[in-house]
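Read the structure below first, then the notes.
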Amino acid sequence: MSFQLSCPNCGKRAVGEFAFRSEVLERPSQDDDFRKWAEYVYLRRNHRGKQLEWWYHRGGCQSWFLVERDTVNNTDHCSFWYKDLQQVLATEKEG
Amino acid sequence: MTALLKHSALSGVYRMNGAKTTTVAGWEIAESFGDTSREQRQLAEGAVLVDWSHIGKLALSRGDAAAVAEQAIPGAAKAAVLGTTGNQDQVALRLTENDYQLLCQPGQEQALLEKMDQAKSTVTDSTGALACFALGGPRRDEVLERSTAVDLRRDKVVPGSVIQLTIHTIHCTLYRTENLEIITHSRTLSESLYDGLMDVGVGVGLMPAGLGTIPVSFEEEK
Amino acid sequence: MARRIQAHRYLTLPERGREISFKYNGKTLTGYETDTIASALMAEEVKITSRSFKYHRPRGQFDAEGHGPEVLVTVDDEPNLWADLIPLRDGMEVKSQNTWPSPEFDIAAVNQVTVPMLPNGFYYKMFHKPKWVWPLAEAQIRKVAGLGKIDIKGRHNKRRYEKRYRFPDVCVIGGGPAGLGAALAALEEGKQVLLIENRAELGGHSLFDLSPVSGSPVSELNGQPAYQAVQTLIEELADSPNLEVMVNTTVFALYEDNLVAAQCGSDMFKIRAESVVLCPGATDRLLVFENNDLPGVISARAVERSIARHGVLPDEDAVVVTTHDGGYHTAMMLHGAGAKVMAVVDSRTGNTPGHFENQAREAGIEIHKGHTVHRARGGRFVTGMDVGSPTGSDTTRSFNCDLLVLAVGFKPTLNLLSMGRKTPVWNIERGILQVNELPEHIYSAGEVHGNASFGRLLEEGSTAGKAAAQGAANPATSRTAEEIIAALPADIECGGKNHFICKCMDVTRNEAQASIGEGYDQVESLKRYTSMGMGPCQGKSCHEAIARLAAIDTGLSPEEAMPTTMRPPFMPTTFGILAGRAPHLGPIRRTAMHHAHIDRNVKFLDAGQWKRPEYYTTPEEEVKHVRTKIGMIDVSTLGKIELSGPDALDFLHFLLPGKFRKLAVGKTRYSMMIAEDGILFEDGTLSHVSEGRYYLSTTTGNQDAIMSMMMWWLTVEPRDVQVKNLSGANAAINVTGSGTREFLQPLTDVDLSNEAFPYMACREGSIAGVPVVMFRIGFTGELGYEIHYPAEYGESLWNHLLEEGKSQDVKPFGVETQRILRLEKGHLIPGTDTDALSNPYEAGVGFTIKDDKPDFLGKAFLKDFKDRGIKNRLVPYVLDKGVVIPEDGVAVIEQGKAVGRVTSSRTSPTLEQGIGLVWLPDGMAKTNQRFTIRNRKGVDTNAIVIDHASYDPHGERLKS
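Residue numbers (the working numbering), protein chains in the order written: chain A, 1 to 95; chain B, 1001 to 1222; chain C, 2001 to 2960.
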């Protein structure tokens, strides 16, 4: 893989500078059924198409940020801060 | 106060190369690696690497880092992200919206700490945690060109910029001035970074040099 | 025979330069500094340069592109180099490959008789039953079918490989007229341009093109012969400040996001370009016919380059086989060099004569229209040929000749445009394979889209270069009828068994057809079964022929011809190029006391990136020393995280399984970390150093992961807490042994009495004026103090303590020693004694878990573990005295089954018996239970479970 990912702070860098954490998942509450916890810990949607993911700029500013990435290719992706997530989701709903 | 000396991570390198050391702010630091005039010639024609590990280094993170940085170095809050502000004795490097690295003359870090409200942002004295190299000389670009996959073109990273990157796979903060590349990095990896830079610097004639060749200054006189 | 020419009727030959002498197969030969190895060999009348892979048929130079296996040579110990790309150098030692004893007389030529008698793909079918036969047969087959030999001790091993980086705005690949046009246009747009050319000089095939230029966007070039016009262009580029030109540089791959990988000498360039313009050009088309592989069959451009750039005439009596005016250009090139052109055999009829056809007629050269070659004749090289109709019937004439020149069109070099992402398709109109669509930010122009005049190539390059600079859409290309070269049939079918499709792997049309008959009727599987296109040229010579013939022979239409996938690298690349300096420059982490350890002849252990002292004398000696005197260990590698602020305790309650509200100032507690899956992955200590300020120690390996995990939680759920990573800021020493208090007290202002500073506590103070935090914790089982202090004093304080400790025989000890000490105390190490399935209750650290908290990491899974109950336990054991100590990780055997495993096993020097930690089923994990361990050699040892620790089980020494 040699594509470049965009860090919201540092700009375009080689993907190897970053660490991938996971898809954005909803953490269950402690009252929830254990099955929900097992799914949260072990299962992933691994969606074919646009996926919201957590990335960490390990080789640079060491910030955590979100990437909406099309898992089918390595060209469609955009990065933003967690605090901007609601705005990004709202813009997409409109679009 | 202590009689014990502070040591650079390159103290082993000093010994292996017969460096002449001096004491600055309680640190044992290299004055030269044997021949100051040769080092200065190399600075004029090729490239040299000087150990600045004794400079004051403070890390500000989270909270209202900009406001707290401003208390120590006026103008810091207005610095652009990946920009810097300061003078030859102290400089604020703005790494992100909310992360700063402050560099100052050796021994001055305490004075800066006292000016800062440490409840408003996480302030860490990284003077010992980080090492620092100053890379100088007209051929320093050729050393960097072999050491990192990050675009350091002069039109992209101008003097007064700061950039976080890996050099030889070692995480570093690069602060570029008119004539120097100032590289702070973890002291635990300092000897490795030195070895890596000297290795790729072979073709360029990179030499280690001491404070006698490049004294600590964060900005050139205008 | 070949010879050097001094002058040419139609163009000025370049200066030859200095004479050079070199060795070829032991003989001394001469050439000139402007030669390649191949052109020098040609001038020295070396006609047979190699033998083919399977049949050992004689082979000679065919083209000059660095494709043909016949020009693979060994140069000064380095095998498999392309003689037609390498400039000649004084003193070079060149050896031919795959020939024994010599290319001219090769013993394995007998293969020509024997191998055809074996069935198609015989190495898949024969010599496999019985199974043991194959390794023997394979060894023999390999000996006969081989390339160069690698000399392990060769000089090339001393080579220095470097990686270098470039970041141009526009990267132009290919320095022919299209590439030059692209570079000029991009420079005009103010961009930084990198132009890469794999030969020693820019100019491409235009350097030997006599055609008068017309229709060029640079008007002053019109009317000039192309070979002069291109020099003008090259001069225009010189000294452009925004241009970097790399020659002798081969782009071997194009990766995502325009990462261009290029090789120059022993350097690899990794180039990240905003836009890439691909102008790789085209090479002479292969024609498949009977004996098309004989030495003397040569491509048009090889002839032209030989004559015009190297001043070498390949041979005297030539016949040019052609389908376009270019063949006549080649004929005039030969004629002007003084060769005898016996005929031009042109497959066309009724065409309007082109510029060079008219010249050829005027020069009196015989022309045969409507004809093409049917077969080449000759034993070891071409002596003659037959011609007839292009469909293969009716052989009408024969010629005697030395040179059979193929000028039958050009096949685009599609590799970089394709690189696995875009499949080329057959363009019916232009008669070539073409990549039509390119990803964003990649452009292409030039001969790679079909034959074109110099003027058009320049214009197309300019248009593409400008679009690339502006980030505009990739412009379309067009060709006139005059430019398009009709393709001959993919194979001239008129009998014979030596129609070579793939010269690298010696695969003929018959073999391909037989394989299709066996069922390999898809071009990808056909390739793999026959190995066509899998040789040194990787299909660069034959991909077009393979595609067309595979389509025909499997009943597809010509438009359905599809080549096999083209993948990086474009040219063979050595492992050295790919590795660069990597093996030499892996980062190493050193503590502040590193050189003090070296001074004491330490043996280092590689723990991840760290160098940690393993031991200084022997672990046994060091264990005894700590148990009887005083030892010091450098534990600077530990992670150290300080938390403070209003939400600090809250955050700790969330991250850790314990409860710390009652952890008073000055107190320290053993602590675990558990992930959301309930598995313990980390242990350390949590100390309340001063009001509201907590200090968490972590293992060496996990510090970065834990810091980034904390930062993630603070991003997702902001809290008013300050988290300081002091791992690098502090060095740390653990001083331990019963005499430690007496030793340290005079050196520090901290009251070390047991009343003032009990076990599991922490104090701030100073030693020799250096600010320290001291912790009384128990990993080793002796009275001890872990001292954390600023790393800049690392070396100084370490040496100070050893100096002050001389009278009490204070000695350093290492990590291996510490492992034994802690094992004597029954302490587990997460990751060694536990794994990714070990739950904390079974591991015996359930006491650190206080699960009556509303939310913390791992709570849900811990509850599930609790509900499921304990199935296995981690317990300490001892062996009988004198038995063999088992290795870490071996099994516990009960009634013939493996029911548990030993995680840590050592000899205790203190007790003089084997000890360890073991996982056992709950029923067996009881004090005094006997059990059996089977070591790696299958030897059984008896062991017995003990209560808590083998040494000082009630911790009296620890708490003293």
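Virtual Cβ for every residue (Gly too), placed ideally from N, Cα, C. Bear in mind that the values here come from a model prediction, so they are computed numbers and not experimental data.
Item checked: Beta-carbon neighbours of W37(A), restricted to chain C and to distances below 7 Å -> Simply A2860, F2861.
Check: How big is the Cα-Cα spacing for V2320(C) and E2482(C)?
Finding: Taking the straight line joining both Cα atoms gives about 20 Å.
Check: So, is R2166(C) buried or exposed, given that buried needs 16 or more other C-beta atoms within 10 angstroms?
Finding: So R2166(C) counts as buried.
Checklist line | Members of the segment 1154-1165 of chain B that neighbour chain C once the beta carbon cut-off is set at 7 Å | finding: Result list empty, no residue passes.
Margin query: Is there a Cβ of chain B sitting closer than 8 Å to that of N9(A), yes or no?
Written below: N9(A) counts as touching chain B.
Note to self: So M2711(C) contacts chain A; which residues on that side make the cut at Cβ distance below 9 Å?
What the structure shows: Simply Y56, Q62, S63, W64.
Next item on the list: Look at R2820(C) and V2623(C) and say whether their C-beta atoms are less than 8 Å apart.
Entry: For the sequence presented, residue 2820(C) should be read as Ile rather than Arg. Yes, Cβ-Cβ distance for I2820(C) and V2623(C) is below 8 Å.
Note to self: As a quick exercise: from I2933(C), V2878(C), F2865(C), pick the residue whose alpha carbon is nearest that of V2896(C).
What the structure shows: Here the sequence assigns Gly to residue 2896(C), which means Val is not the residue at that position. Comparing Cα-Cα distances from G2896(C) to each of I2933(C), V2878(C), F2865(C), the minimum goes to I2933(C).
Item checked: Members of the segment 2785-2816 of chain C that neighbour chain B once the beta carbon cut-off is set at 8 Å -> From the segment 2785-2816 of chain C, only P2790, A2791, E2792, Y2793, G2794, E2795, S2796, L2797, H2800 have a Cβ closer than 8 Å to chain B.
Check: By Cβ distance, which residues of its chain are closer than 7 Å to V2884(C), with the 5 residues on each side in sequence left out?
Finding: Apart from the 5 residues on each side of it in sequence, V2884(C) sits with its Cβ closer than 7 Å to the Cβ of N2935, V2939, T2941 in its chain, given in chain order.
Notebook entry, point to check: Are the C-beta atoms of G1012(B) and some chain C residue less than 8 Å apart?
Noted result: Look at G1012(B): its C-beta is under 8 Å from a C-beta on chain C.
Notebook entry, point to check: In the DSSP assignment, what residue or residues form a beta bridge with N2427(C)?
Noted result: Note: N2427(C) sits in a beta bridge opposite I2432(C).
Item checked: For Q1101(B) and T963(B), believed in contact at Cβ under 8 Å, the rounded distance -> What is shown of chain B runs 1001 to 1222, which leaves residue 963(B) out entirely.
Next item on the list: Count the other C-beta atoms from every protein chain shown that fall within 10 angstroms of the C-beta of E2357(C), then say buried if there are 16 or more, exposed otherwise.
Entry: Taking all protein chains shown into account, E2357(C) has 16 or more neighbouring C-beta atoms within 10 Å of its C-beta and is therefore buried.
Next item on the list: Per DSSP, which residues does M1207(B) bridge with? Please list them.
Entry: BP columns for M1207(B) point to V1048(B).
Check: Name the chain B residues that come within less than 7 Å of A14(A), Cβ to Cβ?
Finding: Correct list: A1149.
Next item on the list: Pull up the distance between the alpha-carbon of S2796(C) and that of S2807(C), whole angstroms please.
Entry: Counting only the Cα atoms, S2807(C) lies some 19 Å from S2796(C).
Check: By how many angstroms is the C-alpha of L2254(C) removed from the C-alpha of Y1175(B)?
Finding: So the alpha carbons of these two residues sit roughly 32 Å apart.
Margin query: Between the alpha carbons of S2960(C) and R2822(C), how many angstroms are there, rounded?
Written below: The straight-line gap from Cα to Cα measures roughly 18 Å.
Next item on the list: Determine, using beta-carbon pairs with one atom in the segment 2685-2692 of chain C and one in the segment 2656-2670 of chain C, whether at least three such pairs fall under 8 Å.
Entry: Short answer: they touch.
Item checked: the segment 2232-2250 of chain C contacting the segment 2019-2032 of chain C, beta-carbon criterion three pairs below 8 Å -> With a cut-off of 8 Å, the segment 2019-2032 of chain C and the segment 2232-2250 of chain C do not count as touching, because too few Cβ pairs lie within range.
Margin query: The beta strand (DSSP E) that contains N2928(C), what's its start and end?
Written below: DSSP places N2928(C) outside any beta strand (DSSP E), giving it a letter other than H or E.
Next item on the list: List the residues of chain C that E1191(B) touches, going by C-beta distances under 8 Å, in chain order.
Entry: Those are I2588, R2590, H2594, listed as they occur along chain C.
Margin query: For a cutoff of 8 Å on Cβ pairs, would you count T1188(B) as touching chain A?
Written below: At least 8 Å separates the CB of T1188(B) from every CB of chain A.
Margin query: For a contact defined as C-beta to C-beta under 7 Å, what are the partners of E2162(C) on chain B?
Written below: Those within 7 Å of E2162(C) in chain B are R1146, V1200.
Margin query: Please identify the residue among P1215(B), L1197(B), S1190(B), T1085(B) whose C-alpha is closest to the C-alpha of H2594(C).
Written below: Per the Cα distances, S1190(B).
Next item on the list: Determine the burial state of P2536(C): buried for a count of at least 16 other Cβ atoms within 10 Å of its Cβ, exposed for fewer.
Entry: It counts as buried.
Check: Are the beta-carbon atoms belonging to A1069(B) and L1082(B) less than 8 Å from one another?
Finding: Contact: no.
Notebook entry, point to check: Are the Cβ atoms of I1163(B) and V1143(B) separated by less than 8 Å?
Noted result: No, the Cβ-Cβ distance between I1163(B) and V1143(B) is not below 8 Å.
Next item on the list: Helix, strand or coil for S1011(B), going by three-state DSSP, please let me know.
Entry: Of the three classes helix, strand and coil, the one that applies to S1011(B) here is helix, per DSSP.
Check: Can you check whether the CB of A2512(C) is closer than 8 Å to the CB of D2553(C)?
Finding: Yes, these two residues count as a Cβ contact at 8 Å.
Item checked: Same chain, Cβ closer than 7 Å to R1062(B), neighbours up to 5 away in sequence not counted -> Cβ-Cβ distances below 7 Å link R1062(B) to N1098, S1121, T1122 in the same chain, with the five nearest sequence neighbours on each side left out; the list follows chain order.
Notebook entry, point to check: With 8 Å set as the bound, which would you pick, yes or no: does the beta-carbon of S2(A) sit closer than that to a beta-carbon of chain C?
Noted result: Cβ-Cβ to chain C under 8 Å: yes for S2(A).
Next item on the list: With a 10 Å radius around its C-beta and 16 neighbouring C-beta atoms as the bar for buried, classify T2480(C) as buried or exposed.
Entry: Flag for T2480(C) reads exposed.
Item checked: Continuous alpha helix (DSSP H) assignments of at least 4 residues falling wholly in the segment 2548-2599 of chain C -> Whole alpha helix (DSSP H) segments, 4+ residues: 2575-2579, 2594-2599.
Check: Between the Cα of G2311(C) and the Cα atoms of Y2877(C), K2662(C), G2831(C), H2008(C), which residue gives the shortest distance?
Finding: Nearest option by C-alpha distance: H2008(C).
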